[in-house]
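Residue numbers (mature numbering (1 follows the signal peptide of the UniProt record, and there is no 0)): -18 to -1, 1 to 230.
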């Protein structure tokens, strides 16, 4: 993937000329979050736009993680970043940025082409880890720097999965939400792969919000709380909630 692929999607065909445009930055360019005309990002943007009653026009922009980091360095940045976790942005205490309530709970599964009893970083010593360019694996950084784990990056998750299937890397991490989508729609891509019984980590996916537009932030935060009580929305995201049995 090039340094930045901008794919803009009008959130609603009924946009008022007076609507405020809001860029929705997301690094997720594969299911369940993104496909050409569907996915959770599309669904979320439609809900945010429709519930604003044409006050806001939300547009998706697929943006690599490294580019997102550069955007956040601008103290005047505007927009929002869905499907994020505070710990990924050095904001575990949620003091640096504004955050929504959780959208759903997810986990990183440990996927390998041969059986692997994963219990933590030591389990990956001597292995080639397929990483995603721009992603941080904080608990592994020391071992990677020491050469105990070899990191070999791919530009995105589909490319990383191909490298694992061809045994160019030994192990990768895949979100449980994405793994469930692969099992349902592309089982041939994962048939020969192994899922460790222990996950790498669990986390809550939220929306990261710019502090430079408090009114927009309040709207998005309130809307996420409303969605938590909306039966139709909850049915859409229910398949992606992580439970200890979800991956097996």
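From the three backbone atoms N, C-alpha and C, an ideal C-beta is built for every residue, glycine too.
Computed from a predicted structure; not experimentally measured.
Subject >> 8 Å Cβ cutoff met for residue 151 and residue 125 >> reply: no
**OP:** Give the secondary structure of residue 101 by DSSP, where H, G and I count as helix, E and B as strand, and everything else as coil.
**Re:** coil
Subject >> Same chain only: Cβ atoms within 8 Å of residue 51, ignoring 5 sequence neighbours per side >> reply: 116
**OP:** Compare the C-alpha of residue 170 against each of 187, 209, 147 and 104 and name the closest.
**Re:** 147
Original post:
What is the DSSP secondary structure of residue 6, counted as helix, strand or coil?
Top reply: Strand, per DSSP.
Original post:
Mapping DSSP to helix, strand and coil, what is residue 77?
Top reply: coil
Subject >> Span separating the alpha-carbon of residue 37 from that of residue 130 >> reply: 52 Å
Subject >> Alpha-carbon to alpha-carbon, residue 183 and residue 66 >> reply: 14 Å
Subject >> Extent of the continuous alpha helix (DSSP H) to which residue 201 belongs >> reply: 196 to 209
**OP:** Any chance you could list the beta strand (DSSP E) runs of at least 3 consecutive residues sitting entirely within the stretch 8 to 55, in chain order?
**Re:** 38 to 44
Subject >> Alpha-carbon to alpha-carbon, residue 118 and residue 70 >> reply: 8 Å
**OP:** Report the option in 61, 22, 35 and 139 whose CA atom is closest to the CA atom of residue 6.
**Re:** 61
Original post:
Thinking just about the alpha-carbon of each residue, which of 4, 8 and 1 is nearest to the one in residue 138?
Top reply: For the residues 4, 8 and 1, the minimum Cα distance to residue 138 belongs to 8.
Original post:
Counting pairs of Cβ atoms below 8 Å between the stretch 202 to 218 and the stretch 27 to 36, do you hit three or more?
Top reply: Output reads yes: the stretch 27 to 36 touches the stretch 202 to 218.
**OP:** Name the residue from 68, 91, 94 and 95 whose alpha carbon lies nearest to the alpha carbon of residue 82.
**Re:** 68
Original post:
Is there at least one Cβ from chain D nearer than 8 Å to residue 156's Cβ?
Top reply: Absent from the structure: chain D. Only one protein chain is present.
**OP:** With distances taken Cα to Cα, identify the nearest neighbour of residue 23 among 136, 96, 187 and 168.
**Re:** 187
Original post:
Of the residues 74, 212, 157 and 173, which one's Cα is nearest the Cα of residue 224?
Top reply: The shortest CA-to-CA distance from residue 224 to any of 74, 212, 157 and 173 is the one to 157.
**OP:** With a cut-off of 8 Å on the beta carbons, I'd call residue 202 and residue 189 a contact; round off their distance for me.
**Re:** Under the criterion of beta carbons closer than 8 Å, residue 202 and residue 189 qualify as touching, at roughly 6 Å.
Original post:
Using a Cβ-Cβ cut-off of 8 Å (strictly less than) and excluding sequence neighbours within five positions of residue 87, which residues of its own chain qualify?
Top reply: Excluding sequence neighbours, residue 87 sits near 184, 185, 186, 187, 223 and 224.
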